Amino acid sequence: QKEVEQNSGPLSVPEGAIASLNCTYSDRVSQSFFWYRQYSGKSPELIMSIYSNGDKEDGRFTAQLNKASQYVSLLIRDSQPSDSATYLCAVNLFSGNTGKLIFGQGTTLQVKP
Amino acid sequence: SQTIHQWPATLVQPVGSPLSLECTVEGTSNPNLYWYRQAAGRGLQLLFYSVGIGQISSEVPQNLSASRPQDRQFILSSKKLLLSDSGFYLCAWRTGNSYGYTFGSGTRLTVV
């Protein structure tokens, strides 16, 4: 079983709709979860972090975490063509006294005008 | 301010040639540093990480090695490149008290 799993997509939504991106992870001990956005040919940029169960909102983005189900999601409201990118879910795993981010394969989002 | 530099941006190397990619961080001390590789259409695979000078942890057995000769310098190397070493190489550092990482701009390596 992969440590972090995402549907590779592509996920296609019309402009103005809500895009819902999902991620599951295997390590029950994980405490920190992140969403990165990666435009084609560019490096990933951090857009959301979440540490507690429930929802965390930042502008048009909402991250949702359910540790019991080992599930984290990202909602993008009022999707714009500029949101078209690959979204990477990342989970912090601890090894000894240090952590390391493990990434899913990413979901490609296409927002159509 | 804190910044991360990575070079070169692109590199085309023949099979069997050596490799050296450098990453430096400014504006912080004793950062945790990481090397990731992203194959075409794939996610990020953690290759190496370092918590201090001379301290390297390898995540997967491979044709690559890493070194940290100075506090804010992280180097990825190979003695002889393979075709399978092609990919997008990203250096990252842990951002302050958060567990999230900040990535450099990456090096796109093509082995021919």
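Chains as they are written, first to last, in my numbering: chain D, -1 to 111; chain B, 1093 to 1204. Every residue gets a Cβ at the ideal spot worked out from N, C-alpha and C, and that includes glycine. Fair warning: this is a prediction, and the values are worked out from it, not measured in the lab.
Counting only beta-carbon atoms, is residue i nearer than 8 Å to chain D?
i	result
R1134 of chain B	yes
Y1193 of chain B	yes
G1179 of chain B	no
V1143 of chain B	yes
G1198 of chain B	yes
L1182 of chain B	yes
L1139 of chain B	no
N1122 of chain B	no
Classify residue i as buried or exposed, calling it buried when 16 or more other Cβ atoms lie within 10 Å of its own Cβ.
i	result
Q1102 of chain B	The question names Gln, but residue 1102 of chain B in the sequence shown is Thr. That one is exposed.
L1174 of chain B	exposed
I1145 of chain B	exposed
Q1098 of chain B	buried
C1203 of chain B	Reading the sequence as shown, one finds Val at residue 1203 of chain B and not Cys. Classification of V1203 of chain B: buried, given that the 10 Å Cβ count is 16 or more.
S1093 of chain B	exposed
N1155 of chain B	exposed
P42 of chain D	buried
P1171 of chain B	What sits at residue 1171 of chain B in the sequence shown is Lys, not Pro. Exposed.
I16 of chain D	exposed
Q1147 of chain B	exposed
T105 of chain D	buried
S47 of chain D	buried
Output needed for residue i: all residues of its chain with C-beta closer than 6 Å, excluding positions within five of it in sequence on either side, in chain order.
i	result
T60 of chain D	D53, L73
L1125 of chain B	S1142, F1166, W1185
S71 of chain D	N20, Q62
L1182 of chain B	Y1128, F1195, G1198
S1157 of chain B	S1169
Going along the chain, which residues of its own chain have a beta-carbon closer than 7 Å to the beta-carbon of residue i, five neighbours each way excluded?
i	result
S10 of chain D	Q108, K110
R58 of chain D	I74, R75, D76
Y1193 of chain B	Y1126, A1184, W1185, R1186, T1187
N51 of chain D	L63, N64, K65
P12 of chain D	K110
S1150 of chain B	F1140
S80 of chain D	none
D1163 of chain B	S1121, N1122, I1145
Q78 of chain D	E13, V109
T1116 of chain B	H1097, R1164, Q1165
I45 of chain D	W33, Y34, R35, F59
Within the 8 Å Cβ cut-off, does residue i reach chain B?
i	result
T105 of chain D	no
S41 of chain D	yes
S47 of chain D	yes
F59 of chain D	no
T22 of chain D	no
L99 of chain D	yes
L9 of chain D	no
L44 of chain D	yes
L19 of chain D	no
L63 of chain D	no
L72 of chain D	no
Who are the near neighbours of residue i in its chain, counting only those whose CB is closer than 8 Å to its CB and skipping five residues on each side?
i	result
Q1105 of chain B	L1111, L1173, L1201, T1202, V1203, V1204
G39 of chain D	none
G1119 of chain B	S1093, Q1094, T1095
Continuous beta strand (DSSP E) assignments of at least 3 residues falling wholly in the stretch 11 to 62 of chain D = As for any beta strand (DSSP E) of minimum length 3 sitting wholly inside the stretch 11 to 62 of chain D, the runs are 17 to 23, 31 to 36, 43 to 48, 52 to 56, ordered along the chain.
Taking only runs that begin and end inside the stretch 1136 to 1181 of chain B, name each unbroken beta strand (DSSP E) of 3 or more residues, in chain order.
-> Correct list: 1136 to 1144, 1147 to 1150, 1157 to 1162, 1165 to 1170.
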